[in-house]
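Peer 1: Anchor point for the sequence shown: position 310 equals 310 in full-length UniProt numbering, and the numbering is continuous, going up by one each time.
Even for Gly, the Cβ is constructed at its ideal location relative to N, Cα and C.
Note that the structure is predicted; figures quoted are calculated from it, not measured.
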Amino acid sequence: MVDWTRREQTPHGYRISGVRAIDRGNERRWLAMQFEGDGIRPYVPVIVNEIIQHVLLPLIPLSLLLLLFNVFAVRRVLQPLRHAEREVDALEPDNTLLRLSEPSEPREVNTLVSAVNRALGRLDAAMATLREFTANAAHELRTPLSIMQLSLDQLPAGKQRDELHADARHLTRLVEQMLDLAQADALAVDGHLAIDLADIGRDVVAAMAPKVFAAQRDLRFESLGDTQAIGHPEAIFRIYRNLIDNALSHAPGVTPIDVTAGPGPQLAVRDYGPGIAEVDLLHVFDRFWRKDRRSSNGAGLGLGIVQRLTEAHNGTVSVENAAGGGALFRVQLKA
Numbered sequence: 001m002v003d004w005t006r007r008e009q010t011p012h013g014y015r016i017s018g019v020r021a022i023d024r025g026n027e028r029r030w031l032a033m034q035f036e037g038d039g040i041r042p043y044v045p046v047i048v049n050e051i052i053q054h055v056l057l058p059l060i061p062l063s064l065l066l067l068l069f070n071v072f073a074v075r076r077v078l079q080p081l082r083h084a085e086r087e088v089d090a091l092e093p094d095n096t097l098l099r100l101s102e103p104s105e106p107r108e109v110n111t112l113v114s115a116v117n118r119a120l121g122r123l124d125a126a127m128a129t130l131r132e133f134t135a136n137a138a139h140e141l142r143t144p145l146s147i148m149q150l151s152l153d154q155l156p157a158g159k160q161r162d163e164l165h166a167d168a169r170h171l172t173r174l175v176e177q178m179l180d181l182a183q184a185d186a187l188a189v190d191g192h193l194a195i196d197l198a199d200i201g202r203d204v205v206a207a208m209a210p211k212v213f214a215a216q217r218d219l220r221f222e223s224l225g226d227t228q229a230i231g232h233p234e235a236i237f238r239i240y241r242n243l244i245d246n247a248l249s250h251a252p253g254v255t256p257i258d259v260t261a262g263p264g265p266q267l268a269v270r271d272y273g274p275g276i277a278e279v280d281l282l283h284v285f286d287r288f289w290r291k292d293r294r295s296s297n298g299a300g301l302g303l304g305i306v307q308r309l310t311e312a313h314n315g316t317v318s319v320e321n322a323a324g325g326g327a328l329f330r331v332q333l334k335a
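1) Run through DSSP, which three-state label would Glu-140 get?
2) Restricting to Cα atoms, I'd like to know which of Gln-79, Val-205, Ala-137 and Asp-89 is closest to Thr-172.
3) Going along the chain, which unbroken runs of the beta strand (DSSP E) with 3 or more residues stay wholly within the region 179-246?
4) Using only alpha-carbon positions, find the residue among Val-113, Asp-23, Pro-210 and Phe-285 that is nearest to residue 378.
5) So what does DSSP say about Thr-255, is it helix, strand or coil?
6) My assumption, with CB atoms under 8 Å, is that Ile-236 sits in contact with Val-269. Please give the rounded CB distance.
7) Is the region 224-240 touching the region 194-209, taking contact as three or more C-beta pairs under 8 Å?
8) Are the CB atoms of Pro-256 and Arg-217 within a distance shorter than 8 Å?
9) Any contact of the region 48-56 with the region 11-25, i.e. 3+ C-beta pairs under 8 Å?
10) Between Gly-275 and Ala-327, is the Cβ-Cβ spacing less than 8 Å?
11) Based on DSSP bridge pairs, tell me the residues matched to Asp-3.
12) Could you check whether Ser-17 and Arg-29 sit closer than 8 Å to each other, using their CB atoms as the reference points?
13) Considering just the uninterrupted stretch of the alpha helix (DSSP H) at Ser-101, what are its terminal residues?
14) Given this structure, state the Cα-to-Cα distance separating His-54 from Leu-66, to the nearest angstrom.
15) Are the beta-carbon atoms belonging to Leu-152 and Leu-141 less than 8 Å from one another?
16) Please state whether DSSP places Asp-38 in a helix, a strand or coil.
17) Closest to Leu-91 by CA distance: which of Val-116, Ala-261, Pro-58 and Gln-34 is it?
18) Under DSSP, the alpha helix (DSSP H) around Phe-72 begins and ends at which residues?
19) Tell me the rounded alpha-carbon separation between Val-212 and Phe-221.
20) Who are the near neighbours of Thr-316 in its chain, counting only those whose CB is closer than 8 Å to its CB and skipping five residues on each side?
21) Pick from Arg-131, Val-175, Ala-209 and Ala-166: whose alpha carbon is nearest that of Ala-182?
22) Below 8 Å on the Cβ atoms is my contact criterion, and I expect Ala-135 with Leu-81 to pass it. Report the Cβ-Cβ distance as a whole number of Å.
23) Between which residues of its own chain and Ala-209 is the CB-CB distance below 7 Å, once the five residues before and five after are set aside?
24) From His-168 to Arg-202, what does the alpha carbon distance come to, in whole angstroms?
25) With distances taken from CA atoms, which of Arg-86, His-83 and Val-77 is nearest Arg-107?
26) Ends of the beta strand (DSSP E) at Val-19?
27) Between Ala-166 and Gln-149, what straight-line distance do the alpha-carbon atoms span, to the nearest angstrom?
28) Using the DSSP secondary-structure output, state which residues sit across from Lys-334 in a beta bridge.
29) What separation, rounded to the nearest whole angstrom, lies between the Cα atoms of residue 343 and His-313?
30) Is Glu-102 near Val-88, with beta carbons less than 8 Å apart?
31) Taking the alpha-carbon of Pro-11 as reference, which of Ala-21, Glu-36 and Trp-4 has the nearest alpha-carbon?
32) Where does Phe-329 land, buried or exposed, given buried means 16+ other C-beta within 10 angstroms?
33) Given that a residue counts as buried once 16 or more other Cβ atoms are within 10 Å of its Cβ, and exposed if not, what is Leu-303?
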């Protein structure tokens, strides 16, 4: 007996019947079927069943495999972008020498990262030009300012001369800070150069004593044990000087200024003024920040210079309100 299918016309449409052999191992069975109908409606269940069994069911595992492959491929493509994102987040405005790692593939990501690195290179060149211009301008201004101060001494004594002297001192300090800032941004610290914080502190105190005494203030220095550190002598000198200048400007009256070196690779400067409000502690090291821009003669650069010089030494600078009043600035370096 062989498989057969027969179609017959009926008064109400047609009849389809047939027989099919089904082998199950060593056993053969015969399947007989018959259905009647009109139009294509009798075929619909058969067609739907065939689509489900031979199209949809095989597509389910294939779709799952395709989905897993797409997830893996997308993650692999996005991995270099995520790495570049982390590197971009780590970029600091004060360090324009950093560059993003360029992945070998995919090519589109490599092209994008290369373009970003070229942009960073142009930004670094522009910042270097700006630093050079600032340093050159500061150098050029120092001489005429010195001549101006000498010329002011020849004017008749009086309120006007005192005001002009104050303005000249302010301009001189601003020029010095511009020079300090330009050199701080370009500073490279030798990690093997040992310095003595006490020796540098004494030099700074001796250099600034006339200015402090002219303001009728006392400047006291104390060495607290071992004061060896790793650093750049001129940069440490500027750190001391800017902290003392800050204390001189913001602690009123005739209160003293205490400068200490040690113990260990640290230095501190304390004044006995009103201290710093808690809300302002987060901003004192921001460049150009001043609590009261109307009454302050400074440019808001001194403490920003201190922070930049300290960071160049891989150190930290902090400020707190000291017990008994006043602000205490502490710089921690590497030994």
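Peer 2: Per the coordinate set shown:
1) Here DSSP, grouped into helix, strand and coil, assigns Glu-140 to helix.
2) Among Gln-79, Val-205, Ala-137 and Asp-89, the Cα nearest to that of Thr-172 is on Ala-137.
3) The qualifying runs are 194-196, 219-223 and 228-230.
4) As displayed, the chain neither begins before 1 nor continues past 335, which places residue 378 out of reach and without an answer.
5) Correct three-state label for Thr-255: coil.
6) With 8 Å as the limit, Ile-236 and Val-269 do not qualify as a contact, their Cβ atoms being about 12 Å apart.
7) The region 224-240, when compared against the region 194-209, does touch it at the 8 Å Cβ threshold.
8) Yes, they are a contact pair.
9) Because the criterion of three Cβ pairs below 8 Å is not met, the region 48-56 and the region 11-25 do not touch.
10) Between Gly-275 and Ala-327, the C-beta gap is smaller than 8 Å, which places the two residues in contact.
11) In the DSSP assignment, Asp-3 forms no beta bridge with any residue.
12) No, the pair does not count as a contact, with Cβ atoms beyond the cut-off.
13) Here Ser-101 belongs to no alpha helix (DSSP H), and DSSP marks it neither H nor E.
14) The C-alpha of His-54 lies about 19 Å from the C-alpha of Leu-66.
15) Cβ distance not < 8 Å, so Leu-152 and Leu-141 don't count as in contact.
16) If DSSP states are grouped into helix, strand and coil, Asp-38 belongs with coil.
17) Per the C-alpha coordinates, the member of Val-116, Ala-261, Pro-58 and Gln-34 positioned closest to Leu-91 is Val-116.
18) Here the alpha helix (DSSP H) through Phe-72 covers 57-89.
19) A direct Cα-Cα distance of roughly 13 Å separates Val-212 from Phe-221.
20) Listed in chain order, the non-local C-beta contacts of Thr-316 below 8 Å within the same chain comprise Thr-310, Val-331 and Gln-332, local neighbours out to five positions each way being set aside.
21) Measuring from the Cα of Ala-182, the nearest candidate turns out to be Arg-131.
22) With 8 Å as the limit, Ala-135 and Leu-81 do not qualify as a contact, their Cβ atoms being about 39 Å apart.
23) Same-chain partners within the cutoff: Leu-219.
24) According to the sequence displayed, residue 168 carries Ala and not His. Taking the straight line joining both Cα atoms gives about 27 Å.
25) Nearest C-alpha to Arg-107 among Arg-86, His-83 and Val-77: Val-77.
26) Segment 13-24, the beta strand (DSSP E) holding Val-19.
27) Note on geometry: alpha-carbon atoms of Ala-166 and Gln-149 lie some 10 Å from one another.
28) Answer is Ile-230.
29) Residue numbering for the chain in the displayed model covers 1 to 335; residue 343 lies beyond these limits and cannot be assessed.
30) Taking 8 Å as the Cβ cut-off, Glu-102 and Val-88 do not qualify as a contacting pair.
31) When each option's Cα is compared against that of Pro-11, the closest is Glu-36.
32) When all chains shown are included, Phe-329 counts as buried.
33) Answer is buried; the Cβ neighbour count reaches 16.
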